[in-house]
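What follows is a single structure, written as structure tokens, with notes after it.
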Amino acid sequence: MINPLIALRRRDHLIGFGLALLHLTFLLSTAAQVGVPRDESFYFYAADRAADWVDGLFDSKVASFSRTEIDRGFEYNHEHPVLMKMLFGVSHRVLHDKLGVIDSNMTAYRLPTMVMAALASWLAFLLGLMLHGRLAGVLGVLAGILIPRVFFHSHLACFDGPVTFMTLLICYTYLRAARSRGWAIACGVAFGLGLATKLNTFFVPFTLLAVAALDTWTFRRRTGAWRAPAGQRGPLTYYSWIAVSLIVLGLVVFLAHWPWLYYDTLPRLRSYFAFHARHVDYPVDYFGFLYFKPPFPVHYPFVMSAITIPLGILLAGLIGFGVFARSARACFKAPADAPDRRSAEAMV
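So the sequence shown is numbered by the numbering used here: it starts at 476 and just counts up by one.
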């Protein structure tokens with residue numbers, strides 16, 4: 476049986492902040508050891524163009540929202556949303572070029588990613604704490620930090636670290652929104668920011684839809700009704716609010732953040748989705764065979780996970796999944812004992 480959600484206190488947020496600060500310090504202390512991969516070189520240039528556009532906002536002689544200025548600032552690398560590139564560029568322009576508080580060019584570009592990676596640790600702690608207590612939260616943070624590939628990507632002025640943070644942010648606000656209309660609004664905004672970071676977050680609501688379905692179904696089995704009694708709010712009410720927020724606010728935030736879409740909106744949106752629908756394939760050397768395009772072997776993701784995630788973390792994850800599966804099975808067998816909104820929340 477999964478325990479009820481544990482309420483968060485101010486002390487819990489202070490612990491999460493402390494973990495995030497330690498994580499950020501660790502990333503900054505190792506930043507100089509991480510070289511520049513292929514993608515990052517493109518984003519440096521795109522970040523500078525975005526920073527030029529932001530500078531123009533403070534110059535009365537520049538018509539920043541004209542088509543000419545928007546195209547100049549955002550045409551390069553328009554295959555991806557601009558939120559992170561803008562943060563990379565502004566961080567470098569302000570902290571390195573203007574204030575001189577960061578000596579390294581690369582660190583100045585990369586700082587937003589490192590901050591988001593640290594904030595992801597904060598959220599991971601809170602999620603673990605809400606479900607199983609502080610120890611689970613701390614272990615969740617350590618598990619994330621100690622995965623080598625996560626550690627590497629947490630340094631880069633790329634999108635993988637930030638989209639991890641955004642995914643956790645969506646999940647965190649989603650959990651809170653299961654009991655609060657205000658958090659439902661926050662969930663929609665978080666989803667919009669996720670879309671503004673990378674297309675990956677487009678798929679997060681589909682997972683959350685499965686969570687909502689299971690939560691509503693267990694509520695139905697436990698209470699015998701789909702809706703809560705008069706004067707109360709049940710899963711259908713909260714998830715309706717969340718769905719509206721995800722669709723409306725998510726889309727508004729995504730469209731508003733990206734000046735490139737202010738002109739020729741529909742053609743540029745079509746181009747954006749078409750690019751990712753036919754994304755270029757990268758060669759993969761897998762056990763001596765070079766794959767130039769899909770399909771890959773069915774076992775590819777499992778083998779790659781097994782050899783890139785430390786064994787201790789992998790085993791702990793498998794044990795945790797087994798515990799959850801046993802709890803979920805008990806809920807199916809004994810609907811009267813099904814926990815109120817706990818199995819679905821654990822899926823997050």
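All residues carry an ideal CB built from backbone N, CA and C; glycine is no exception. None of the values given here were measured: they were computed from a predicted structure.
- Under the three-state reduction of DSSP, Y757 is assigned to coil, being neither helix nor strand.
- Nearest C-alpha to A522 among G575, L502, A495 and L558: L558.
- In the three-state DSSP reduction, L765 falls in the strand class (E or B).
- In this structure, the CA atom of L789 is about 7 Å from the CA atom of A781.
- As for any alpha helix (DSSP H) of minimum length 4 sitting wholly inside the stretch 503–574, the runs are 513–531, 542–549 and 558–566, ordered along the chain.
- Here S629 is actually not in contact with T676; their C-beta atoms are around 18 Å apart, not less than 8 Å.
- When C-alpha distances from L483 are compared across C662, H732, L606 and H555, the shortest belongs to L606.
- For F694, the closest of R547, L711, I490 and R486 by C-alpha to C-alpha distance is L711.
- Exclusion of the five residues before and after Y766 leaves V759 as the residues of its chain whose Cβ lies within less than 6 Å of its Cβ.
- In this model, G663 and L793 are separated by some 31 Å (Cα to Cα).
- Judged by DSSP secondary structure, G663 falls within the alpha helix (DSSP H) whose first and last residues are R656 to L670.
- If you draw a straight line from the Cα of R697 to the Cα of P704, it is about 13 Å long.
- If you draw a straight line from the Cα of D572 to the Cα of T500, it is about 22 Å long.
- Going by C-alpha positions, A803 is about 14 Å away from T691.
- With a 10 Å radius around the Cβ and a threshold of 16 neighbouring Cβ atoms, I722 comes out exposed.
- For the pair G491 and L598, the Cα-to-Cα distance works out to about 7 Å.
- Between the C-alpha atoms of P769 and M779 there is a straight-line separation of about 16 Å.
- For the options Y775, G619, I717 and F762, the alpha carbon positioned closest to that of A661 is the one of I717.
- The three-state secondary structure of H630, taken from DSSP, is coil.
- The criterion of a C-beta distance shorter than 8 Å is satisfied by I545 and W735.
- Bounds of the alpha helix (DSSP H) holding D635 are D635 to A652.
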